[in-house]
Amino acid sequence: MSKEQVIQYLPLVILLAPLLSAILILLFTSKFKRLSAGISVGAVALGLGASIFLFVAESNIVGGSTPVYTWFSIGNAGQNALLPNGPGVNPLVFDISLQNDSLSRLMLLVVTLVGTLVHVFSLAYMRQDQGYSRYFGALSFFMFSMLGIVLSANLVMMFIFWELVGVSSYLLISHWFEKPAAADAGKKAFITNRIGDVGFLLGILLVWQQAGSLAFDSLGPATTLAGLLIFCGAVGKSAQFPLHIWLPDAMEGPTPVSALIHAATMVAAGVYMICRVFVLFTPEALEVIAWTGAVTALLAALIAVQQNDIKRILAYSTLSQLGYMVMAVGCGGPAASMFHLTTHAAFKALLFLGAGAVIYACHHEQNIWKLGNLKNKMEWTSRTFVIGALALSGFPLLSGFFSKDAILMQAYEHQMPLFIIGVFVAFLTAFYMTRCVIVTFFGEARSDHAKEAEEVPGEMVAPLVILALLSIGLGWGFIGLSGFTEGFSKWKDLAAHSDAAHNAAMIGGTIAVTIGLTAGWKIYHGSETDPLPEKLKDVAQWMSDKFYLDELYGFLNRWTQEKLSFAADWFDRWIIAGLGVKGTSGAVDITGCLLRLFQTGNVQTYALLTVIGLLFILALILF
3 MSKEQVIQYL PLVILLAPLL SAILILLFTS KFKRLSAGIS VGAVALGLGA
53 SIFLFVAESN IVGGSTPVYT WFSIGNAGQN ALLPNGPGVN PLVFDISLQN
103 DSLSRLMLLV VTLVGTLVHV FSLAYMRQDQ GYSRYFGALS FFMFSMLGIV
153 LSANLVMMFI FWELVGVSSY LLISHWFEKP AAADAGKKAF ITNRIGDVGF
203 LLGILLVWQQ AGSLAFDSLG PATTLAGLLI FCGAVGKSAQ FPLHIWLPDA
253 MEGPTPVSAL IHAATMVAAG VYMICRVFVL FTPEALEVIA WTGAVTALLA
303 ALIAVQQNDI KRILAYSTLS QLGYMVMAVG CGGPAASMFH LTTHAAFKAL
353 LFLGAGAVIY ACHHEQNIWK LGNLKNKMEW TSRTFVIGAL ALSGFPLLSG
403 FFSKDAILMQ AYEHQMPLFI IGVFVAFLTA FYMTRCVIVT FFGEARSDHA
453 KEAEEVPGEM VAPLVILALL SIGLGWGFIG LSGFTEGFSK WKDLAAHSDA
503 AHNAAMIGGT IAVTIGLTAG WKIYHGSETD PLPEKLKDVA QWMSDKFYLD
553 ELYGFLNRWT QEKLSFAADW FDRWIIAGLG VKGTSGAVDI TGCLLRLFQT
603 GNVQTYALLT VIGLLFILAL ILF
């Protein structure tokens, strides 16, 4: 088989290996824990190897879509009444085809790398879990769904896998379904995502109506409405305001699931999607996208400052960084967005897995104020966690520094208020991550769980070390290594920014990070309790309670249900029962009484009525 044929079929292998793994685990190996785990790890590792081969072999080739087979088509040449553009246009063909270009190859590498490390970490973390095989089966199904989004060559195929990701993430978040909180979190994530997906589906229909095609290779500019409806899908999947509320609750799932979903896969799917269809968006739509991302980044960073659960701190951090990525797309910089998506995948997966190691060692204690002094008990975990925190903060020369600068440069050239928000969010990020690190790893142990903590097993440490190395150096050679912007002339090149933008981003970002790290150290080093609630009072309470958005949504939901219930009762009582049932029966009764007057049994009366009828018909004919 030639190299070209291998490259053509490798995406199909990458996609189908996890599906085969999920089927084998579900049907045959569910009773054999180690075998199930081995099959799942082997499938994702195979995908990683193939992704690396594709990335290296094809890094300088633009590529395109590879048709597998035609699913169905609507209309035909010359007779195409079903198509929006009328007769004479080409039929609308839905191909099952795989996108094999620089952007998909980059995303394949990110997803399979983080997925493989999460699988390896899970071997030890989930070893005592009763649903061990079920867990790895769901992981494989999730990987299949996510890889399907990455490899989709048209919007219809992407939407199918989009929904499969929603189902598989529900299974993972609700893995411990016997816990009411986990079951509710899974339902909340599933339902909230469906709200965004309705808009996404309507947007797909509008794009079809306007363009007559849904293949990515043939998309062109669409109306503002179509672009914003497409963006609704990203608002749900990438947890943007106001549909962000599902992501923090998703922390009820196992910690490796949090790393997989919230680092580089499910939540990144929305960002990847709007980068993939960037050509659709009008300037007006991009403005809405930019401000949605900015509001999300700021809101989530403020909330993270006063969270005490280590996983929730990281969850709101993820929301904030996703806001950064979405803002970059809205500022006309999908390349900068994908750059940050890639670096974020490394250091956020590192932080979530590090948090998982802490929770594992401290007997599932997640409150940072009940931990402390773990740097002396968990040396490898603490060192790698600090690296991840610094990379997330944008510490100079770490990966996050370069990608965050790229976003700030994009914002500076687009609109100054967005740049100011981006710099302020950088300060908040450095501050709350310093708080998290100092309270968790420094000071005195504040509980028996922290005092008894020990370093986690080697299979959990190894992914942390690999991700720490990526968090340090991933940004250094990113542009030259990936080549993913080639062939996307509509994207602004990262090197094309003005000196003013470059200097403003570098200086502003570095000052913000320095102030955030210093303030966090000054306030929390040696503190046994959080001093901010006393200093900020009601402001701290609002941040701690997530600005009461969940309560607001709950109130609106109850109010809507009450009004709909009242309306439904009124409609049922007066329209269905009143006009419908009683009205119909009354009309039939009255009609019957009237007709009964004519049924006299008298032949003369019937003859008279017949003559009157004939005269009436004659009058109609004559006049």
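For any residue, its number in this note's numbering is found by taking its place in the sequence shown, counting from 1, and adding 2. C-beta atoms are modelled at their ideal positions from N, C-alpha and C, and glycine is treated no differently.
Per-residue burial, residue i [other beta carbons within 10 Å of its own, 16 or more giving buried]
| i | result |
| --- | --- |
| N604 | exposed |
| D103 | buried |
| L230 | buried |
| V1 | The structure shown does not extend to residue 1, since the chain is modelled only from 3 to 625, so the question has no answer here. |
| E530 | exposed |
| D450 | exposed |
| D505 | The identity of residue 505 in the sequence shown is Asn, whereas the question assumes Asp. When all chains shown are included, N505 counts as exposed. |
| R129 | exposed |
| T257 | buried |
| D501 | exposed |
| Q412 | buried |
| R575 | exposed |
| G80 | With a pLDDT of 39 at G80, under the threshold of 50, the modelled position of this residue cannot be trusted; read the value that follows with caution. By the neighbour-count rule (16 or more Cβ atoms within 10 Å), G80 is not buried but exposed. |
Option nearest residue i by Cα separation, candidates the options
| i | options | result |
| --- | --- | --- |
| D552 | M159, L249 and V169 | L249 |
| V259 | G188, E461, G477 and H504 | G188 |
| R278 | S220, G295 and F354 | S220 |
| A303 | S23, Q323 and G374 | Q323 |
| L430 | M462, L392, R448 and A464 | L392 |
| G358 | E454, G374, L466 and A292 | L466 |
| G49 | L410, Q309, A224 and I16 | I16 |
| I361 | A338, V458, G402 and E415 | V458 |
| D311 | T294, V95, I276 and F354 | F354 |
| L105 | K190, G511, R36 and Y274 | Y274 |
| A184 | A621, F34 and S171 | S171 |
| G255 | L28, Y137 and A24 | Y137 |
| L108 | I513, A502 and A337 | A337 |
| S42 | A503, H121, S240 and L616 | H121 |
| L203 | M160, G222 and P223 | M160 |
| T284 | A140, G332, G325 and A270 | G332 |
| L399 | G445, S473 and L420 | S473 |
| V297 | I276, I422, E286 and V281 | I422 |
| L115 | I54, L208, L566 and L611 | I54 |
| W478 | M508, G402, M545 and Y326 | G402 |
Residue i (DSSP reduced to helix, strand or coil)
| i | result |
| --- | --- |
| W178 | coil |
| F146 | helix |
| A589 | helix |
| D103 | strand |
| I513 | helix |
| A303 | helix |
| S53 | helix |
| N604 | coil |
| F243 | coil |
| T118 | helix |
| W73 | strand |
| I623 | helix |
Pairwise C-alpha distance: residue j and residue i
| i | j | result |
| --- | --- | --- |
| R560 | L554 | 10 Å |
| D407 | L100 | 33 Å |
| Y71 | S147 | 19 Å |
| G594 | T607 | 18 Å |
| H527 | V307 | 16 Å |
| A521 | F433 | 7 Å |
| L637 | D571 | Residue 637 is absent from the model: the chain starts at 3 and stops at 625. |
| I305 | I577 | 48 Å |
| D131 | G40 | 16 Å |
| L558 | Y550 | 12 Å |
| G295 | A589 | 59 Å |
| P182 | S176 | 9 Å |
| R36 | G117 | 18 Å |
| I9 | L56 | 7 Å |
| L125 | V463 | 12 Å |
| L207 | V95 | 14 Å |
Cβ pair residue i, residue j closer than 7 Å
| i | j | result |
| --- | --- | --- |
| A347 | L469 | no |
| I389 | T442 | no |
| L476 | T345 | yes |
| A330 | S339 | yes |
| Q242 | A224 | no |
| R448 | K372 | yes |
| S154 | A45 | no |
| E461 | A363 | no |
| I139 | L282 | In the sequence under discussion, the amino acid at residue 139 is Gly, which differs from the Ile named in the question. Cβ distance not < 7 Å, so G139 and L282 don't count as in contact. |
| V541 | A428 | no |
| T436 | W523 | yes |
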